[in-house]
Amino acid sequence: MWRIRLHGRGGQGIKTASQILGSAGFYSGFQAQDFPLYGAERRGAPVMAFTRISEKVILERGPIISPDIILIGDETLLNDSQSAPLCGADPTTLIFVNSPHPPEKLAQKFSLVTADLTDLCHKHLNKRTIYSSALSAVGARLLGTIELADLLQAVEDELTQQGIVTQALQGNLELVREIYTKIEPAILTPKVEKTLITKPMVLPDYRPVVDGAPIILEPGNMALRKTGNWRVERPEIDYTHCNDCLICYARCPDGVIAVNPEGRPAIDYDHCKGCLICAQECPGHFINTVRETGLFP
Amino acid sequence: MKVLTGAYRKIKDLHPHEAIAPGTGLCAGCGGLEGLRMALKELGDDYIICNAAGCFTLLSVYPFTPLKGSWLYTTMGGPTPAAQGVRDALDIRMRHRGLEEKENLNVIVVAGDGSSNDIGFGATSAAIHRGLDFIYFCYDNEAYGNTGFQLSAASPYASATQTTPSTDVHEAGTEINKKDLFEIWKAQKPVYLATVSPREPIDLSNKFAKASHLKGPRMFICMSPCPTGWGFEPKEAQLIAKLAVDTGIFPVKEYYEGEVVHTVRPRKRLPVEKFLERQKRFRHLFKPHRQDVVIKHIQQRVDEYWGQYE
Ligand SMILES: Cc1ncc(C[n+]2csc(CCOP(=O)(O)OP(=O)(O)O)c2C)c(N)n1
Ligand code: SF4
Ligand code: SF4
Ligand code: SF4
Ligand SMILES: [Mg+2]
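Chains as they are written, first to last, in my numbering: chain A, 14 to 310; chain B, 1327 to 1636.
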């Protein structure tokens, strides 16, 4: 059995990628299982999805702890200790990172494959960065046992179910074809299968109600949580032209543009989620957008 | 046309104070969050928010809160009864138990359109009837957003939701009209009632500033462009909000002392397509073929609305 774990952000099509990969595996004659895992957070927050592909019946359930392949759709996640995309990787794990430049330190430790999917998505998907097709194509190709025709069928079926229009579907299919020729099948070492053991059920004990009605004593402590790593693109104010009209400040939904004592706007990058409303709304277009590339530290 | 005379005239007048700390789990580009952010700037830090289960429940997730004030999480139908309970408790304690006036709190409900129009509707009507002294903030993203965008009574005609997609049998998607919550609430004559848009921060701020000096039920409906549910790029949230106003689809108005006043008026209304065509939830109106009858129907309803006032 091959276990593939996918990482990305809400809105990037990570869940769909795991579904396409599962369907493609199924069409190629394998047993398949796929499902996502995400918290209550919304678009932009880290998400995970899983695909298991096997010649035999799949009895294993739950998140994949020891993956054979890790597909990272968003390289900025490498810096994110909460999402920890490398968790459970060992020397037999193959890691794919969507990146224009192979992260060197990562390459020293793991077998690593990279490709600039963002660029390819821009090219085929009318500038949109939805990795559902691209990431599933990478996974299918690395596995080496999934036929192109089955992959294309899976892309078509899954995206049609989501109501994609014909033109966009064609773009996705071309994207998949290009990736299929670009990526080479990998040599994978199967992991030693563990026998499943049953554990006794844990029964919770009762607690007084006050334990379940917690109080937060520090107002505004949400700022301790950094949402800066949600960004795919970074807004940068061009201060030589900015005339301090403060429209950007007024329009930032997360309130992360502060006004400094001189009346100038300043972006708090620890928290800016990269919605780019500020860049869109600046009357003089004095906010530039730069793609974030989170290098492996 | 009566012009609202408020304290704010330009962006630079707005409070620099941020009432909501960053770091929340709400989507990047959430229009409703922008509305609430502006609203809370006007309401000071001494408040308790009674929140109905929905997207905004993510604002305060133990052990973190972005707020300076208190937060009481309630069931989807329960924020207004909770507000009544809190208001009563504060009043009784101030009257009989020596709670000082400076300890008093503004009681605010923050609820989605699903809660406000559906399960929480009756209890809120009862509270307006009793004249409960509270502020109600309904962020209207026009569906059950938190659970994946299913139909609510606020979902507009011809929008596609998870439970009312466009199909061969139901080409238009949602086939019923959005509930007119403003008119329904107005019929109960609350002290103050207004619609607000995150695109009009000055108008919004003036309305909350005004309401903060009144006593009794003060009701707000905030149009809340939702990139995730409506299907547009987060950066376009403000543009979508602007088009909703400019096409006349979303009237920005207030009801006060028996009179309805449109506080922001589109000078020359744009065709409704301009608003519809940018969102995935209306895409079936344009592709694979144009549903002219449906689009015309939407336009007609907007024209009829403004016809009453022009
Ligand atoms: C009685 C009840 N039914 C269903 C739910 C599940 N639920 C939680 S949030 C939500 C959506 C609420 O929609 P809305 O009030 O519009 O807020 P939004 O999620 O759009 O912010 C639903 C259906 C619930 N909490 N309670
Ligand atoms: S991109 Fe701009 S508007 Fe969006 S969160 Fe960052 S600073 Fe705010
Ligand atoms: S909107 Fe543009 S010009 Fe105005 S303050 Fe922001 S960056 Fe400067
Ligand atoms: S789903 Fe919509 S309303 Fe809910 S947090 Fe996201 S953008 Fe805001
Ligand atoms: Mg809603």
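The beta-carbon is built from N, C-alpha and C at its ideal position, and this holds for glycine as well.
Interface residues of chain A around residue i at Cβ under 8 Å?
i: Tyr1388 of chain B; result: Pro227, Ile229
i: Leu1359 of chain B; result: Pro266, Asp267
Does any heavy atom of ligand 2 sit closer than 7 Å to the C-beta of residue i?
i: Val60 of chain A; result: no
i: Leu289 of chain A; result: yes
i: Lys1536 of chain B; result: no
i: Asp283 of chain A; result: no
So, are the CB atoms of residue i and residue j less than 8 Å apart?
i: Val272 of chain A; j: Pro1342 of chain B; result: yes
i: Pro1280 of chain B; j: Ala236 of chain A; result: Residue 1280 of chain B falls outside the range modelled here, since chain B spans only 1327 to 1636, and no answer is possible.
i: Thr1450 of chain B; j: Thr1406 of chain B; result: yes
i: Tyr1433 of chain B; j: Val1412 of chain B; result: Residue identity differs from the one stated: residue 1433 of chain B is Val in this sequence, not Tyr. Going by C-beta atoms, Val1433 of chain B is nearer than 8 Å to Val1412 of chain B.
i: Ala37 of chain A; j: Ala167 of chain A; result: yes
i: Ile196 of chain A; j: Leu155 of chain A; result: yes
i: Ile1566 of chain B; j: Pro1551 of chain B; result: yes
i: Ile1374 of chain B; j: Leu1431 of chain B; result: yes
i: Leu188 of chain A; j: Leu133 of chain A; result: yes
i: Lys1504 of chain B; j: Gly1557 of chain B; result: no
i: Ile33 of chain A; j: Glu171 of chain A; result: yes
i: Leu1519 of chain B; j: Tyr1581 of chain B; result: yes
i: Ile17 of chain A; j: Pro80 of chain A; result: yes
i: Arg22 of chain A; j: Asp87 of chain A; result: yes
i: Thr1487 of chain B; j: Gln1476 of chain B; result: yes
Using the DSSP secondary-structure output, state which residues sit across from residue i in a beta bridge.
i: Gly1633 of chain B; result: Note: Gly1633 of chain B sits in no beta bridge, so no partner.
i: Met1545 of chain B; result: B:Tyr1462, B:Leu1519
i: Tyr1399 of chain B; result: B:Asn1377
i: Leu107 of chain A; result: A:Ile82, A:Ser124
i: Lys1579 of chain B; result: B:His1588
i: Gly21 of chain A; result: A:Val60
i: Asn1432 of chain B; result: B:Tyr1373
i: Leu249 of chain A; result: The identity of residue 249 of chain A in the sequence shown is Glu, whereas the question assumes Leu. Answer by DSSP bridge pairing, in chain order: A:Asn301.
So does residue i have its beta carbon nearer than 7 Å to some heavy atom of ligand 3?
i: Gly225 of chain A; result: no
i: Cys255 of chain A; result: yes
i: Cys1356 of chain B; result: no
i: Leu365 of chain A; result: Any question about residue 365 of chain A goes unanswered here, given that chain A covers just 14 to 310.
The beta strand (DSSP E) spanning residue i covers which residue range?
i: Ile85 of chain A; result: 82-85
i: Asn1377 of chain B; result: 1373-1378
i: Thr302 of chain A; result: 300-304
i: Arg1593 of chain B; result: Per DSSP, Arg1593 of chain B belongs to no beta strand (DSSP E) and is neither H nor E.
Which chain B residues are close to residue i, counting only those with a beta carbon under 7 Å from its beta carbon?
i: Gly297 of chain A; result: The premise fails here: Gly297 of chain A is roughly 15 Å from chain B at the closest Cβ pair, so nothing lies under 7 Å.
i: Leu259 of chain A; result: Ile1337, Lys1338
Residues of chain B with CB under 8 Å from residue i, in chain order?
i: Gln293 of chain A; result: Lys1561, Glu1562, Gln1564, Leu1565
i: Lys239 of chain A; result: Gly1349
i: His284 of chain A; result: Pro1348, Gly1349
i: Val178 of chain A; result: Arg1609, Lys1613, Pro1614
What residue range is occupied by the uninterrupted alpha helix (DSSP H) comprising residue i?
i: Pro1407 of chain B; result: 1405-1422
i: Val1571 of chain B; result: 1563-1572
i: Ala181 of chain A; result: 179-195
i: Ile33 of chain A; result: 27-40
i: Arg65 of chain A; result: Unbroken run through Arg65 of chain A is the beta strand (DSSP E), 59-67; no alpha helix (DSSP H).
i: Gln166 of chain A; result: 161-174
i: Ile1346 of chain B; result: Careful: Ile1346 of chain B lies outside any alpha helix (DSSP H) and carries neither H nor E.
i: Ala1535 of chain B; result: 1527-1538
i: Val151 of chain A; result: 145-156
Given the structure, does residue i come close to ligand 1, in the sense that its CB is under 7 Å from one of the ligand's heavy atoms?
i: Ala292 of chain A; result: no
i: Gly1403 of chain B; result: yes
i: Ser1386 of chain B; result: no
Confirm the yes/no value for this check: CB of residue i, any heavy atom of ligand 5, distance under 7 Å.
i: Asp1439 of chain B; result: yes
i: Ser1478 of chain B; result: yes
i: Asn1467 of chain B; result: yes
Against residue i, what residues of chain A qualify as contacts under a CB-to-CB distance less than 9 Å, listed in chain order?
i: Pro1553 of chain B; result: Gly24, Arg56, Cys288
i: Arg1363 of chain B; result: Cys265, Pro266, Asp267, Gly268
i: Pro1527 of chain B; result: Ala263, Arg264
i: Thr1391 of chain B; result: Ile229, Glu231, Pro232, Gly233, Asn234, Met235
i: Lys1394 of chain B; result: Pro232, Gly233
Ligand 4 and residue i: does any heavy atom of the ligand fall closer than 7 Å to the residue's C-beta?
i: Thr1554 of chain B; result: yes
i: Leu1352 of chain B; result: yes
i: Arg220 of chain A; result: no
i: Arg1363 of chain B; result: no
i: Asn1472 of chain B; result: yes
i: Cys1381 of chain B; result: yes
Run through chain A and tell me which residues come within less than 7 Å of residue i, C-beta to C-beta.
i: Gly1355 of chain B; result: Pro266, Cys288, Ile290
i: Leu1352 of chain B; result: Arg55
i: Thr1487 of chain B; result: Result: empty, since nearest Cβ-Cβ is about 12 Å, beyond 7 Å.
i: Pro1342 of chain B; result: Val272
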